[in-house]
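Residue numbers for the sequence shown follow full-length UniProt numbering, beginning at 1 and rising by one.
Single-structure report; data block below.
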Amino acid sequence: MLGIKLDQAGKRYQYEWIFKSLSLDFEPNNRIAVTGSNGSGKSTLLKCVAGLIPFTEGKVSYHLGQTAISEADIFSYLAISAPYMELPEEFTLIELLHFHFKFKNKISNVSIQEMMDIMYLNESKDKQVQFFSSGMKQRLKLGLCFFSDVPLLLLDEPTSNLDQKGVDWYLEMLALYGSSKSILICSNDTREYANCHKIIEMENFKIKRRD
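Rendered as structure tokens:
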């Protein structure tokens, strides 16, 4: 199981601190929600944890059991679903699934065909992703996460573009395929993170301006 430790972590863009002095022990197999208003730094924190952008200050460490994992290697141990993560839209669905699982191991008990059925996308398996609706793309992004055999999932606004049926599907996927993983969820929708073990309020890690 993957664990993460942040020690006085902060991120700054030019002269503006997005967050500062954030310390966290993310224990293996835990679920943590990151909440806050739009622009509060939720997505920035997720990108930093994923190794997509560096922290400006502080320390971050990752461990799998007793084995330390370097920041350079962490992306191999996680899957991410976020509005800013683009899908290769020139691929058909089935091409994209085979392409994705060249780089990430898939969970052993679900075939590619079963994945398409579970995502309610089988009828579109030969359709290019660019012609998918926003809801179909969101189910695909989430499916790629849940079906990847990795110990950490990073989910940013996981039910965006999903109707109520899609939200119910996400919650079912979370229960079925997320129970043995560490999960970080960035959201302002309580439905998305109702079962999280801990909630981080990003407003608590802002520098307060003096009048």
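Just so you know, even glycine gets a beta-carbon here, dropped at the ideal spot from N, CA and C.
So, are the CB atoms of residue i and residue j less than 8 Å apart?
| i | j | result |
| --- | --- | --- |
| S134 | N161 | yes |
| K5 | S61 | yes |
| D203 | S40 | The displayed chain sequence assigns Glu, not Asp, to residue 203. Contact flag set, yes. |
| S187 | T44 | no |
| P151 | K106 | no |
| I74 | G51 | yes |
| L87 | L96 | yes |
| K127 | T92 | yes |
| G10 | L22 | yes |
| G178 | R139 | no |
Under 7 Å from any heavy atom of the ligand ZN, does the C-beta of residue i make it?
| i | result |
| --- | --- |
| N105 | With respect to small molecules bound, the structure shown includes none, and the ligand ZN cannot be examined in it. |
Check for me: the beta strand (DSSP E) holding residue i runs from which residue to which?
| i | result |
| --- | --- |
| K5 | 2–13 |
Could you tell me which of the options sits nearest to residue i, measuring between CA atoms?
| i | options | result |
| --- | --- | --- |
| T56 | R31, I18, A50 | I18 |
| F146 | D189, I118, K42 | I118 |
| S76 | H100, F131, L87, I94 | H100 |
| M115 | L144, F131, M136, K137 | L144 |
| N122 | D168, I94, H98, S148 | I94 |
| L64 | L154, L174, D163, L2 | L2 |
| Q8 | L154, G58, L176, E27 | G58 |
| H197 | Y13, G10, N30 | N30 |
| S148 | R12, K102, V167 | K102 |
| I200 | E16, E27, A33 | A33 |
| F26 | E192, I185, L174 | I185 |
| E192 | L155, A72, Y15, E71 | L155 |
How is residue i classed by DSSP in three states: helix, strand or coil?
| i | result |
| --- | --- |
| L87 | coil |
| L78 | strand |
| K102 | helix |
| R209 | In this prediction, R209 has a pLDDT of 49, which is less than 50 and means its spatial position is unreliable; nothing more can be read from the coordinates. |
Residue i lies in the alpha helix (DSSP H); which residues open and close that run?
| i | result |
| --- | --- |
| E123 | From DSSP, E123 is part of no alpha helix (DSSP H); its letter is neither H nor E. |
| D73 | Counting along the chain, D73 falls outside any alpha helix (DSSP H), and DSSP gives it neither H nor E. |
| I118 | 112–118 |
**Secondary structure, alpha helix (DSSP H): runs of 4+ residues fully inside the region 130–204** = 134–146, 164–177
message = Runs of 3 residues minimum, wholly inside the region 16–71: which ones carry the beta strand (DSSP E) assignment?
response = 16–26, 31–35, 57–64, 67–69
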